[in-house]
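Residue numbers (this note's numbering): 27 to 158. A short worksheet on the structure shown next.
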């Protein structure tokens, strides 16, 4: 199995911990995919260290400037991702998740489908299927 974790904010530690601890399987490959607005994941990865505690192989990739959701879906298809995980960045006053434009675009993209799961800190699209 392969998981893509989209890093769309600097304060994603709770979401990434939730994903690594409860969603990702041992021995799985994880792709940290940062958006261009996020300069570096060094400090985030250091805060999660040692990554070996999670028993995963990981890489860090970045979407290009001017990307669109098709670039993101294409990346997931290229790595044959079984999951795309996105940190929850906002909630309503009553605690309900507010889905941002990126998440909405992924969910509505015509080339991808799967199960939608909302965790405490992350939204997970799993059991992914891709249309060619």
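C-beta atoms are modelled at their ideal positions from N, C-alpha and C, and glycine is treated no differently.
Please go through the same chain and pick out, in chain order, the residues whose beta-carbon is closer than 6 Å to the beta-carbon of residue i, but skip the five residues on each side of it.
{"i": "residue 27", "result": "51, 54, 108"}
{"i": "residue 153", "result": "140, 141"}
{"i": "residue 116", "result": "124"}
{"i": "residue 80", "result": "46"}
{"i": "residue 110", "result": "30, 102, 151"}
Go through its chain and collect everything with a Cβ distance to residue i's Cβ below 8 Å, but skip five positions before and after it.
{"i": "residue 118", "result": "124"}
{"i": "residue 155", "result": "138, 139, 140"}
{"i": "residue 93", "result": "61, 62"}
Could you check what DSSP says for residue i in three-state terms: helix, strand or coil?
{"i": "residue 117", "result": "strand"}
{"i": "residue 70", "result": "helix"}
{"i": "residue 29", "result": "strand"}
{"i": "residue 55", "result": "strand"}
{"i": "residue 108", "result": "coil"}
{"i": "residue 65", "result": "coil"}
{"i": "residue 128", "result": "helix"}
{"i": "residue 152", "result": "strand"}
{"i": "residue 94", "result": "coil"}
{"i": "residue 49", "result": "coil"}
With a cut-off of 8 Å on the beta carbons, I'd call residue i and residue j a contact; round off their distance for me.
{"i": "residue 49", "j": "residue 150", "result": "6 Å"}
{"i": "residue 61", "j": "residue 89", "result": "6 Å"}
{"i": "residue 147", "j": "residue 44", "result": "5 Å"}
{"i": "residue 57", "j": "residue 105", "result": "6 Å"}
{"i": "residue 41", "j": "residue 113", "result": "3 Å"}
{"i": "residue 70", "j": "residue 39", "result": "7 Å"}
Assign residue i to one of two classes, buried (16 or more other C-beta atoms within 10 Å of its C-beta) or exposed (fewer than that).
{"i": "residue 130", "result": "exposed"}
{"i": "residue 144", "result": "exposed"}
{"i": "residue 29", "result": "buried"}
Practice task
Could you say if the stretch 64-81 and the stretch 96-110 meet the contact criterion of at least three C-beta pairs nearer than 8 Å?
Solution key: No, the stretch 64-81 is not in contact with the stretch 96-110.
Exercise for the section: Would you be able to state if there are at least three C-beta pairs under 8 Å between the stretch 70-84 and the stretch 124-139? Expected result: Contact between the stretch 124-139 and the stretch 70-84 is not established, with fewer than three Cβ pairs separated by less than 8 Å.
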